[in-house]
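K.L.:
Dropping the structure in here first, questions after.
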Amino acid sequence: MTETLTYKQAITRAMSDELASDDSVFVFGEDVGAAGGVFKATEGLFEEFGPGRVLDTPISEQAIVGTAIGAAIQGLRPVAEIMFADFAAVCFDGIVNELAKYRYMTGGQVTLPVTLRMGAGGAGGGFGAQHSQAVENWFLNVAGLKLVVPATPVDAYCLLRAAIRDPDPVLFFEHKGLYNIKADMPDEMPTVSLGTARVARRGNDVTVIATQAMLQPCLDAATALAVDGVEVEVIDPRTLVPFDLETVVTSLQRTNRLVVVQEASHAGSWGATLVSSLVQGQFELFDSAPVIVAAEDTPIPFAKSLEELWIPSTAKVVEAIRKVVSA
Amino acid sequence: MTETLTYKQAITRAMSDELASDDSVFVFGEDVGAAGGVFKATEGLFEEFGPGRVLDTPISEQAIVGTAIGAAIQGLRPVAEIMFADFAAVCFDGIVNELAKYRYMTGGQVTLPVTLRMGAGGAGGGFGAQHSQAVENWFLNVAGLKLVVPATPVDAYCLLRAAIRDPDPVLFFEHKGLYNIKADMPDEMPTVSLGTARVARRGNDVTVIATQAMLQPCLDAATALAVDGVEVEVIDPRTLVPFDLETVVTSLQRTNRLVVVQEASHAGSWGATLVSSLVQGQFELFDSAPVIVAAEDTPIPFAKSLEELWIPSTAKVVEAIRKVVSA
Amino acid sequence: MGRTKDASTALTLDQQVDGLRTMLEIRGFEDECHRLFAAGLVRGSTHLGQGQEAVSVGTALALRDGDTMTCTYRGHAATLAMGAPLDRSFGEILGKAEGLCGGKGGSMHLTHVESGAMGSFAIVGGHLPIACGFAFASRFRGTGEVSVCFFGDGATNIGAFHESMNLASVWKLPVVFICENNLYGEYSPLRSTTPLDHLVERASSYAMPGVQVDGNDLMKMHAAASEAVSCARSGEGPTFIEALTYRHKGHSRSDPAKYRPEGELEVWLEKDPIEQCVQTLLEAGVKSERIEQVRADAATSVAGALERAMNWPEPLPASRLEHVYA
Amino acid sequence: MGRTKDASTALTLDQQVDGLRTMLEIRGFEDECHRLFAAGLVRGSTHLGQGQEAVSVGTALALRDGDTMTCTYRGHAATLAMGAPLDRSFGEILGKAEGLCGGKGGSMHLTHVESGAMGSFAIVGGHLPIACGFAFASRFRGTGEVSVCFFGDGATNIGAFHESMNLASVWKLPVVFICENNLYGEYSPLRSTTPLDHLVERASSYAMPGVQVDGNDLMKMHAAASEAVSCARSGEGPTFIEALTYRHKGHSRSDPAKYRPEGELEVWLEKDPIEQCVQTLLEAGVKSERIEQVRADAATSVAGALERAMNWPEPLPASRLEHVYA
Ligand SMILES: Cc1ncc(C[n+]2csc(CCOP(=O)(O)OP(=O)(O)O)c2C)c(N)n1
Ligand SMILES: Cc1ncc(C[n+]2csc(CCOP(=O)(O)OP(=O)(O)O)c2C)c(N)n1
Ligand SMILES: [Mg+2]
Ligand SMILES: [Mg+2]
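Chains as they are written, first to last, in the numbering used here: chain A, 36 to 362; chain B, 36 to 362; chain C, 39 to 364; chain D, 39 to 364.
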């Protein structure tokens with residue numbers, strides 16, 4: 036019988052399987068233990084693995100990140116929860132100046148298999164400007180980190196296991212707007228390596244790249260445009276670092292048209308980075324100007340009507356696709 | 036008699052002039068008082084304006100940023116020094132979640148005329164991976180901040196005064212490698228507004244954009260290429276937010292070729308953002324693929340020989356320009 | 039709410055009745071929020087503080103115009119106690135154009151600069167450094183204004199707390215740090231995250247006076263706050279107040295608060311600050327009719343405020359692009 | 039440097055002589071750094087700790103294999119005391135391929151994991167949370183290993199200090215926090231940034247034992263460290279040690295240390311840990327010839343190490359692209 040799991044349950048399952056199969060794995064963070072996490076993504080782990088493997092911390096994100104670093108240097112595999120990704124700001128130094136650079140600065144004396152899980156994005160939920168950001172974009176200019184942005188329950192499971200197995204620091208962004216989406220799990224879970232994109236829909240007319248909650252509007256736009264005979268290819272990079280440029284380039288070779296859709300403003304974003312890489316490396320592939328459908332260049336407003344305008348909508352994606360295919 | 040000032044002296048002068056002309060300005064940070072600052076950029080201010088206007092703080096960057104925010108909300112004009120820009124990581128939350136968003140989240144109830152000065156960049160000085168970063172790139176995806184990157188003593192003076200006058204939060208990045216460069220001051224200091232680029236050299240064949248310490252290799256490359264008849268236009272945006280896209284586009288309309296040179300790796304950088312903006316908006320202006328000469332995608336190594344390879348060199352700039360003009 | 043002229047004086051009976059009315063309005067406001075949330079009319083999260091009202095109200099009664107207050111996401115009480123209008127506070131939570139922040143902040147960011155309610159902050163510890171900034175501005179200008187800063191027990195473990203306490207002390211800033219110790223940080227009991235029974239002990243690490251007070255007793259809270267405020271005002275520097283209190287509801291809308299030991303809530307319901315205050319007033323000779331009138335008035339003003347707020351329009355779409363920069 | 043087998047025992051005379059030799063090597067190493075810097079052979083900045091050697095050496099003598107140590111940019115002494123090789127330490131500062139970190143770290147990041155010198159950190163406070171991580175790993179695995187963490191007086195005002203002290207205490211981690219109070223954070227005297235005369239008072243904020251010790255006295259330092267280490271090892275949790283000491287040079291190469299009150303340096307030069315140690319040894323009956331021999335040996339080993347390091351090649355260009363990821 037196929038099992039159906041939510042994105043959140045898939046995440047819990049990945050941690051549970053890792054805790055069960057590797058004694059050096061532990062899970063910790065604020066209220067992840069007895070309470071099962073603010074997002075309930077660690078539910079049941081405390082009961083199953085006990086207080087030695089699943090630990091509640093004080094509200095001290097700097098201490099959390101540092102503990103993860105030290106433990107990893109000593110060969111453990113810490114999985115820390117930072118709750119809302121926006122709180123990465125209070126431990127930014129630990130992530131950017133210590134975690135990302137330790138291996139390099141010490142000439143490779145050790146590896147740092149740290150996984151930092153955080154509930155990211157989720158604009159649209161009315162959580163306001165300090166609890167809804169697409170925080171993955173803060174870390175792009177920092178060498179030494181891997182950035183994972185799963186969109187489906189299966190990917191959430193596979194990528195979280197890959198992240199925990201990975202010898203390098205991984206920031207694992209769980210999209211808050213996806214926690215409750217459901218999917219059937221395959222009987223045998225596939226192995227997904229960090230740095231491999233997923234083609235979410237095949238098409239020959241335009242390549243659309245999006246992650247997490249932005250995939251749905253893209254797929255909806257693709258369905259809508261199919262009626263008009265526009266075949267949209269939708270690609271989910273799944274990890275921003277490493278980035279699977281090859282899959283995107285292969286698609287672009289067929290479509291010669293590019294749209295990127297992202298739940299973040301343009302400046303300093305992964306979308307801008309991708310467009311810049313592609314035009315530098317594959318200029319001749321572009322038949323028309325690429326378009327990024329980005330969130331607006333403001334903090335995220337609270338009121339529903341405003342927040343909805345902030346986020347890229349299906350209508351905006353359709354418009355962008357029409358523009359690039361008709362240019 | 037024309038006066039010659041170093042970049043550092045120009046910065047001190049700007050603060051001194053602001054302190055003298057506006058009672059609501061104060062300068063504070065670690066060792067900026069009696070000691071005149073680690074970079075000596077506040078030398079003499081304590082003696083001139085006293086301990087009420089020029090204050091030493093504990094090593095508490097979060098408290099520094101917060102104090103600046105609170106004081107600014109109450110109508111003062113704080114000028115805080117964060118010393119090495121890399122330390123912005125320990126007060127990232129204050130900058131990104133509070134300073135940048137307060138005005139927006141409160142529906143515009145107040146303005147926040149905060150200036151945060153920091154010694155940035157400076158790779159090449161052997162300060163290692165935690166004291167040399169081009170930190171301005173960390174803030175690109177955060178709406179609500181202005182980012183200033185002066186390259187000359189005159190600009191350092193004018194832009195710092197503009198920053199302090201500005202009603203919005205400004206991060207003022209002082210390039211450590213430029214502190215000792217000298218220039219004659221004009222008798223009448225010009226007014227420079229944030230968001231106006233400077234054309235550092237005129238040319239018709241290729242537009243080269245660079246900031247701060249990367250301008251010199253660009254100018255050197257331009258001189259070298261002039262021998263071969265390649266006329267290079269070099270533009271210094273001076274501020275990354277707001278960004279003077281118009282000056283760049285105007286140049287590109289003549290040259291149709293673009294090179295960006297930056298002391299930072301590519302992903303999530305201002306250069307990638309610029310290239311992405313331009314290809315989206317001005318695709319037809321490009322006769323060849325734009326090129327970004329970026330720093331390598333690693334933390335900054337310490338050893339001289341390695342660090343020199345990390346930074347874009349004149350040779351690499353020449354090569355990039357040759358590539359775009361010959362394509 | 040009327041503020042005292044001389045903060046160090048004990049509250050008159052009228053002032054106490056005033057305080058009661060404010061507490062009742064806050065309680066009514068939060069009960070309505072709870073209902074609105076359940077009805078799906080409020081989005082995101084909301085953090086209610088029923089049971090903690092005396093901390094905010096007692097403190098606000100010790101302030102004067104020009105003083106400033108900063109608080110957390112659990113900041114309805116403090117914001118209203120400072121004098122933010124009920125209707126515009128509802129409006130903000132409902133995301134209306136007339137909301138305190140034009141609908142751009144939401145429940146976690148109620149701010150009304152005009153009345154000195156300088157903001158509700160959603161990052162734990164984020165506002166403590168900012169409270170130092172308000173105090174600095176006061177000292178810089180010599181205004182004598184005092185900056186009051188509310189935060190939770192859990193917040194005493196975050197770095198920003200430490201830096202702010204230290205800076206305030208070494209600079210002798212006119213700030214009063216008020217820790218609302220409600221025994222839990224989210225779902226974690228204090229002792230599981232903090233190796234102390236009495237948070238007030240942390241004050242000595244900053245050579246700062248520390249005071250522990252029954253935060254459910256309006257009068258005691260007012261007295262403690264008054265003393266700290268007058269110290270601050272007279273240049274003697276900051277005080278740390280640990281106010282012992284309790285939240286009747288869970289941490290946020292999604293929390294059924296199962297982690298509570300049996301009977302704990304009941305004990306604290308017995309110590310409800312509003313009913314305690316009523317009791318004190320009755321004992322002091324205030325007529326029960328007057329109290330009933332105050333209850334009715336508070337209920338009416340809350341109901342009226344909510345009705346107005348519900349009828350306000352959505353923010354104009356264009357407003358979302360305003361206020362990023364000046 | 040030889041480590042004691044049983045940390046709680048007082049040092050034997052031989053061990054003390056060993057400690058003296060290490061201190062002399064460290065002093066020699068740092069004096070050479072100073073010269074190299076002046077000669078333009080070392081780039082960036084360098085932070086010397088002449089005068090503070092007894093803190094590191096006394097502590098290292100209390101450790102056993104498997105214990106870990108983290109320190110600051112002013113970390114030459116601590117790194118060498120743990121047993122990092124002199125030549126490779128010079129090599130790192132000179133940016134050589136054979137440097138401890140292959141030339142990629144530099145003076146502020148000396149690290150030699152093999153000997154338990156887990157890193158020198160250049161962001162004030164950055165390593166305190168990491169020290170908790172080492173201690174956590176020890177407890178998780180039940181190894182009894184102790185994590186020792188050095189930092190300065192100025193660092194006690196940064197947020198990471200607070201979070202680390204609290205976590206270590208509430209989790210009873212086997213970590214020893216050693217604050218090297220050298221009276222200044224950069225150019226700022228302690229009292230201008232901190233409202234306390236005795237930093238050891240901060241321990242009580244975390245219900246942690248606190249000890250103040252003469253950091254210039256090798257034996258006393260060793261005794262204090264030993265006790266804290268054995269507490270940690272036996273599961274009793276962390277200790278905070280305030281070691282009173284002084285740096286003879288300025289904060290970094292560019293600091294002439296003009297902020298010192300007249301006569302202060304001289305007083306502390308009198309209390310030089312090396313000369314004090316020599317005195318103690320002489321009084322305990324160690325022959326002055328033996329001491330002279332130790333001095334000579336230390337000088338020789340430093341000189342030899344420097345010569346080797348100077349002759350090492352630059353790192354291979356390709357090495358700069360390694361070690362970003364595994
Ligand atoms: C930096 C940061 N970490 C974590 C959170 C999530 N969070 C919100 S409220 C809270 C508990 C705070 O507890 P306490 O300080 O006691 O205040 P209370 O909620 O009890 O009023 C936590 C952990 C946050 N908002 N910010
Ligand atoms: C977060 C941060 N802020 C500021 C600095 C700059 N800085 C380097 S050393 C230092 C003084 C530290 O003083 P203390 O902790 O007493 O150590 P000491 O240098 O005396 O050994 C400062 C402020 C830094 N490296 N990191
Ligand atoms: Mg609480
Ligand atoms: Mg010191």
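Cβ atoms here follow ideal geometry from the backbone N, Cα and C, with glycine treated the same way. Quantities reported herein were computed from a predicted structural model and do not represent experimental measurements.
Answer with yes or no whether the minimum CB distance from A:Asn291 to chain B is below 9 Å.
P.N.:
Taking Cβ atoms only, chain B never reaches closer than 9 Å to A:Asn291, which makes this a no.
K.L.:
Does the distance between the C-beta of D:Tyr297 and the nearest non-hydrogen atom of ligand 6 fall short of 8 Å?
P.N.:
Although ligand 6 was asked about, the structure shown includes only ligand 1, ligand 2, ligand 3 and ligand 4 as ligands.
K.L.:
Using a Cβ-Cβ cut-off of 9 Å, state whether A:Tyr139 counts as contacting chain B.
P.N.:
Yes, because at least one Cβ of chain B sits closer than 9 Å to the Cβ of A:Tyr139.
K.L.:
Run through the DSSP bridge pairs and tell me what B:Gly154 is partnered with.
P.N.:
DSSP, once it has assigned bridges, lists B:Phe119 and B:Glu209 as partnering B:Gly154.
K.L.:
By a C-beta neighbour count over all protein chains shown, 10 Å radius and 16 as the cutoff for buried, is A:Leu313 buried or exposed?
P.N.:
Burial call: buried.
K.L.:
Could you name the residues of the segment 324-345 of chain B whose beta carbon sits closer than 8 Å to any beta carbon of chain D, in the order they occur along the chain?
P.N.:
For the segment 324-345 of chain B, which is checked against every Cβ of chain D, the residues closer than 8 Å are Glu331, Asp332, Thr333, Pro334, Pro336, Phe337, Ala338, Lys339, Ser340, Leu341, Leu344 and Trp345.
K.L.:
Taking only beta carbons into account, state which residues of the segment 159-172 of chain C come closer than 7 Å to chain A, listed in chain order.
P.N.:
So the close ones are Ala160, Ile161 and Val162.
K.L.:
Just mark C:Lys296 as buried or exposed, buried being the case when its beta carbon has 16 or more other beta carbons within 10 Å.
P.N.:
So C:Lys296 counts as exposed.
K.L.:
Is D:Pro355 buried or exposed, if buried means 16 or more other CB atoms sit within 10 Å of its CB?
P.N.:
Exposed.
K.L.:
Which of helix, strand or coil does DSSP assign to C:Leu354?
P.N.:
Here C:Leu354 sits in coil by DSSP.
K.L.:
Could you give the distance in angstroms between the alpha-carbon of B:Ala45 and the alpha-carbon of B:Ala307?
P.N.:
Those two C-alpha atoms are separated by around 31 Å.
K.L.:
Hey, could you find the ends of the alpha helix (DSSP H) D:Val340 is sitting in?
P.N.:
From DSSP, the alpha helix (DSSP H) with D:Val340 extends over Ser326 to Asn349.
K.L.:
Please list the partners that B:Asn132 has in chain C, where partner means a Cβ-to-Cβ separation under 7 Å.
P.N.:
Going along chain C in sequence order, the residues near B:Asn132 (Cβ under 7 Å) are Ile161 and Gly164.
K.L.:
Pull out every residue of the segment 136-162 of chain C whose Cβ sits closer than 9 Å to any Cβ of chain A, in chain order.
P.N.:
Listed by position, the residues of the segment 136-162 of chain C near chain A (Cβ gap below 9 Å) are Gly137, Cys139, Gly140, Gly141, Lys142, Gly143, Gly144, Ser145, Met146, His147, Phe159, Ala160, Ile161 and Val162.
K.L.:
Check the Cβ-Cβ distances between B:Asp128 and every residue of chain E, and say whether any is below 9 Å.
P.N.:
Within the model displayed, chain E is absent; protein chains A, B, C and D are what it includes.
K.L.:
Going straight from the alpha carbon of B:Glu331 to that of D:Ala241, what length do you get?
P.N.:
So the two alpha carbons sit approximately 44 Å from each other.
K.L.:
With three or more beta-carbon pairs closer than 8 Å as the criterion, would you say the segment 130-139 of chain B touches the segment 226-239 of chain C?
P.N.:
Counting Cβ pairs under 8 Å, fewer than three are found: no touch.
K.L.:
Output needed in chain order: residues of the segment 72-98 of chain A with a Cβ under 8 Å from some Cβ in chain C.
P.N.:
Residues Val73, Asp91, Thr92, Pro93, Ile94, Ser95, Glu96 and Gln97.
K.L.:
Alpha carbon to alpha carbon, how far is A:Val184 from B:Arg357? Give it in angstroms, no decimals.
P.N.:
When rounded, the distance between both Cα atoms is 38 Å.
K.L.:
For ligand 4, I want to know if D:Glu218 counts as a neighbour, meaning its beta carbon is within less than 8 Å of at least one of the ligand's heavy atoms.
P.N.:
True, at least one ligand heavy atom lies under 8 Å from that Cβ.
K.L.:
How would you label C:Thr42, buried or exposed, when you count the other beta carbons within 10 angstroms and need 16 or more for buried?
P.N.:
Since pLDDT at C:Thr42 reaches only 46, below the 50 mark, its modelled position is unreliable, and the value read off the structure follows with that caveat. That one is buried.
K.L.:
Just mark A:Leu341 as buried or exposed, buried being the case when its beta carbon has 16 or more other beta carbons within 10 Å.
P.N.:
The residue is buried, with at least 16 neighbouring Cβ atoms inside 10 Å.
K.L.:
CA-CA distance, D:Ala135 and D:Val362?
P.N.:
Near 17 Å, if we compare the C-alpha coordinates of D:Val362 and D:Ala135.
K.L.:
Does the Cβ of D:Arg126 have 16 or more other Cβ atoms within 10 Å, making it buried, or fewer, making it exposed?
P.N.:
Classification for D:Arg126: buried.
K.L.:
Mind checking whether the beta-carbon of B:Asp66 lies closer than 8 Å to any heavy atom of ligand 4?
P.N.:
Not under cutoff, so the answer is no.
K.L.:
Examine ligand 1 and report whether any of its heavy atoms sits within less than 8 Å of the Cβ of C:Phe278.
P.N.:
C:Phe278: no, Cβ never under 8 Å from ligand 1.
K.L.:
Could you please tell me which residues of the segment 227-240 of chain D, in chain order, have their CB closer than 8 Å to any CB of chain C?
P.N.:
Cβ contacts with chain C: Ser230, Thr231, Thr232, Pro233, Leu234, Glu239 and Arg240.
K.L.:
Please state if the CB of D:Glu218 and the CB of B:Glu65 are separated by a distance shorter than 9 Å.
P.N.:
For B:Glu65 and D:Glu218, no; Cβs fall outside 9 Å.
K.L.:
For A:His210, would you say it is in contact with chain B, using Cβ-to-Cβ distances shorter than 9 Å as the test?
P.N.:
No - not a single Cβ of chain B is within 9 Å of the one on A:His210.
K.L.:
Verify the contact flag: C:Ala160, CB atom, against every heavy atom of ligand 1, threshold strictly below 8 Å.
P.N.:
Result yes, Cβ under 8 Å from ligand 1.
K.L.:
In angstroms with no decimal places, state the Cα-to-Cα distance between C:Ser46 and C:His236.
P.N.:
Low confidence applies to C:Ser46: its pLDDT is 49, below 50, so where it sits in the model is not reliable enough to give any reading.
K.L.:
Helix, strand or coil for B:Gln165, going by three-state DSSP, please let me know.
P.N.:
Residue state, collapsed to three classes: coil.
K.L.:
Tell me whether A:Val100 counts as near ligand 1, meaning its Cβ is closer than 8 Å to at least one heavy atom of that ligand.
P.N.:
Flag unset: Cβ of A:Val100 not near ligand 1.
K.L.:
Anyone know if the C-beta pair for B:Leu194 and B:Arg152 falls short of 9 Å?
P.N.:
No. Outside cutoff.
K.L.:
With DSSP collapsed to three states, give me the class of B:Leu180.
P.N.:
Coil at B:Leu180, not helix or strand.
K.L.:
Can you tell me whether C:Leu282 is buried or exposed, with buried defined as 16 or more other CB within 10 angstroms of its CB?
P.N.:
Buried is the call here.
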